[in-house]
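Data first, discussion second: the structure below is written as structure tokens.
Residue numbers (this note's numbering), protein chains in the order written: chain A, 1 to 275; chain B, 1 to 279.
What follows is the structure, encoded as structure tokens:
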């Protein structure tokens with residue numbers, strides 16, 4: 001059974017205004033790790049928010065674990081991680097992680113047990129009593145991931161979670177995320193700008209076109225599991241990256257690491273800045 | 001830490017000394033040159049010596065009476081009670097209004113202009129009506145003064161509560177939505193904690209305003225026991241004893257500062273956000 005099923009999903013902003021995503025059909029199976037990649041403004045974050053019932057599609061059906069997205073949200077099926085950690089300054093690491101559990105009425109002892117498990121999982125043992133501003137960006141993002149996983153949601157929605165981090169931290173957290181994914185048994189939908197990140201992490205990569213966002217192609221990533229850092233140097237990894245690039249180019253987008261020489265990227269970048 | 005504290009105390013003392021020097025220096029220059037600014041002439045009546053003002057505090061307030069500082073201390077306590085009750089009343093009403101308005105744009109549009117308008121009416125125009133109205137309903141006079149003080153207090157609190165509650169990170173609100181949190185949980189866990197810096201900024205303004213409100217409120221209420229009464233009284237005797245009024249003003253200012261400092265201390269205890277003093 002698929003965990004997420006999108007049928008003809010479109011979203012327009014304003015009255016007959018900008019079409020953010022158009023006619024998206026997508027099935028995501030259990031324990032999959034699916035990346036959404038595309039040029040800036042292609043609506044991949046919008047699509048993620050539609051899946052998470054944070055915005056409503058103009059047309060189309062969203063089904064999550066056999067329910068509507070709305071029911072799935074009320075059933076607490078989503079763990080969300082944004083580009084910024086969005087931690088609460090006035091709460092310690094432990095209290096940030098246990099916030100969703102407080103909402104859900106877990107008692108103090110069960111919360112403490114769960115927080116301990118999660119702190120171990122994201123390797124922040126010893127930092128439970130720290131406040132967010134005392135942590136590095138990478139550590140903050142790990143707290144944010146632990147918080148999203150705290151209530152064992154069926155689906156982890158991640159919106160460029162490592163986009164604000166430096167390359168070294170990013171690669172380390174990629175490996176950690178895979179380990180966490182393995183251990184937690186959840187399904188992940190992952191929005192990213194980075195082709196190599198998408199290929200390295202995913203079981204499938206969904207490539208989207210420039211606005212209006214459509215699915216240009218879906219690529220199965222046949223690298224062995226579990227992934228290791230060395231795989232980045234395998235010929236197959238390079239081939240997959242080339243394939244994603246080709247799809248991106250076909251979608252009229254430019255890719256981040258190698259812009260197409262159309263001058264279009266200036267337009268898109270300027271637009272992104274305006275947003 | 002100790003060095004920091006010493007530096008602060010040193011700076012405060014330095015500024016205070018400079019201000020005193022400015023006062024006495026201006027007085028000395030004014031008197032020796034016979035400086036005239038319109039009708040303003042510098043002499044012991046318009047600008048008493050600082051040591052005379054301080055000295056006056058320890059003189060009898062009237063023949064064979066208690067020292068002035070004892071009289072003013074009692075008056076300050078009386079006014080402090082009015083102001084504290086007024087502050088509590090105004091802050092609660094302001095906070096409640098802010099919470100309600102933060103949850104409805106419609107109410108915001110409807111009420112906000114009137115809340116703003118309420119502050120354009122001079123307090124002196126409202127105070128006598130409050131005294132008559134409250135007095136007629138059997139409230140003690142000092143409570144009328146608290147209500148007048150609350151009238152000045154509630155406004156900054158209401159505006160800043162509204163601003164603070166709506167300042168919460170929209171993504172934090174999205175996260176709360178994803179946890180299927182109810183409006184009360186969102187208010188309590190996210191909106192109110194996010195609003196605290198705004199709230200305390202308002203409390204600081206309101207704390208001093210509540211003292212001013214209480215002093216002004218005492219005038220139409222004809223209350224003799226507070227600082228307002230003392231100011232009115234010594235105003236009448238200004239010709240014979242200028243330092244008495246200055247000394248009263250000094251005590252009134254100290255009361256306002258005390259209120260302010262209480263809020264600062266409360267903020268230190270309550271607000272835990274990325275503070276500059278954490279390494």
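The C-beta atom is built at its ideal place from N, Cα and C for all residues, glycine as well.
Check, Outcome
"Proximity test, Cβ basis, 8 Å: residue 27 (chain B) and chain A", "no"
"Short Cβ contact (8 Å threshold) for residue 219 (chain B) with residue 232 (chain B)", "yes"
"Cα-Cα separation, residue 163 (chain A) to residue 86 (chain A)", "14 Å"
"Status (buried if at least 16 other CB within 10 Å, exposed otherwise) for residue 257 (chain A)", "Because residue 257 (chain A) sits at a pLDDT of 44, beneath the cut-off of 50, its placement in the model cannot be relied upon, and the following sentence gives the value as read from the coordinates. Exposed, since its Cβ has fewer than 16 Cβ neighbours within 10 Å."
"Cutoff 8 Å: residue 191 (chain A) Cβ touching any chain B Cβ", "no"
"Whole beta strand (DSSP E) elements within the stretch 6-46 of chain A, 3-residue minimum", "19-29, 33-37"
"Residue 172 (chain B): contacting residues in chain A (beta-carbon distance under 8 Å)", "86, 88"
"Minimum C-alpha distance to residue 180 (chain B) - residue among A:42, A:137, A:100", "A:100"
"Inter-residue spacing [alpha-carbon to alpha-carbon] between residue 90 (chain A) and residue 189 (chain A)", "29 Å"
"Runs of alpha helix (DSSP H) lying entirely within the stretch 94-169 of chain A, each at least 4 residues, in chain order", "108-121, 137-149"
"Beta carbon proximity, residue 180 (chain A) to chain B, threshold 8 Å", "no"
"8 Å contact criterion, which residue 121 (chain B) and residue 156 (chain B) should meet: CB distance rounded", "Not a contact, Cβ separation roughly 16 Å."
"Within chain A, partners of residue 181 (chain B) - CB distance below 7 Å", "103"
"Inter-stretch contact (C-beta, 8 Å, three-pair minimum) for the stretch 178-194 of chain B and the stretch 59-73 of chain B", "no"
"Which of helix, strand or coil DSSP assigns to residue 209 (chain A)", "coil"
"Span of the beta strand (DSSP E) around residue 220 (chain A)", "215-220"
"Buried versus exposed call for residue 114 (chain B) [16 or more other C-beta atoms within 10 Å across all chains shown]", "exposed"
"Euclidean distance between Cα positions of residue 33 (chain B) and residue 39 (chain B)", "15 Å"
"Nearest neighbour of residue 192 (chain B), chosen from B:264, B:42, B:172, B:221 [CA to CA]", "B:172"
"Sequence-distant residues of the same chain with beta carbon closer than 7 Å to residue 221 (chain B), five excluded per side", "131, 141, 144, 145"
"Whole runs of the alpha helix (DSSP H) within the stretch 166-250 of chain B, excluding any shorter than 4 residues", "170-178, 183-186, 192-218, 227-236"
"Closer than 8 Å to chain A by CB, residue 175 (chain B)", "yes"
"Closest Cα partner of residue 144 (chain A) within the set A:114, A:166, A:79", "A:79"
"Alpha-carbon to alpha-carbon, residue 147 (chain A) and residue 207 (chain A)", "28 Å"
"Three-way DSSP call (helix, strand, coil) for residue 67 (chain B) in this model", "strand"
"6 Å Cβ shell around residue 35 (chain A) - same chain, five flanking residues per side excluded", "190, 192, 198, 202, 205"
"Local Cβ density within 10 Å of residue 118 (chain B), reported as buried at 16 or more and exposed below that", "exposed"
"Sub-8 Å separation of residue 277 (chain A) and residue 47 (chain A) beta-carbons", "Residue 277 (chain A) lies beyond the range of chain A shown here (1 to 275); nothing can be said about it."
"Beta-carbon spacing of residue 95 (chain B), residue 161 (chain B) below 8 Å", "yes"
"Selection of the stretch 188-202 of chain B by Cβ proximity to chain A, strictly under 9 Å", "189, 190, 193, 194, 196"
"Strand pairing of residue 204 (chain A), partner residues [DSSP]", "A:34, A:220"
"Anticipated Cβ contact below 8 Å, residue 165 (chain B) with residue 102 (chain B), distance rounded", "4 Å"
"C-beta atoms of residue 131 (chain A) and residue 169 (chain A) nearer than 8 Å", "no"
"Identified DSSP bridge partners for residue 59 (chain A)", "A:10"
"Burial state of residue 36 (chain B), where buried means 16 or more other Cβ atoms lie within 10 Å", "exposed"
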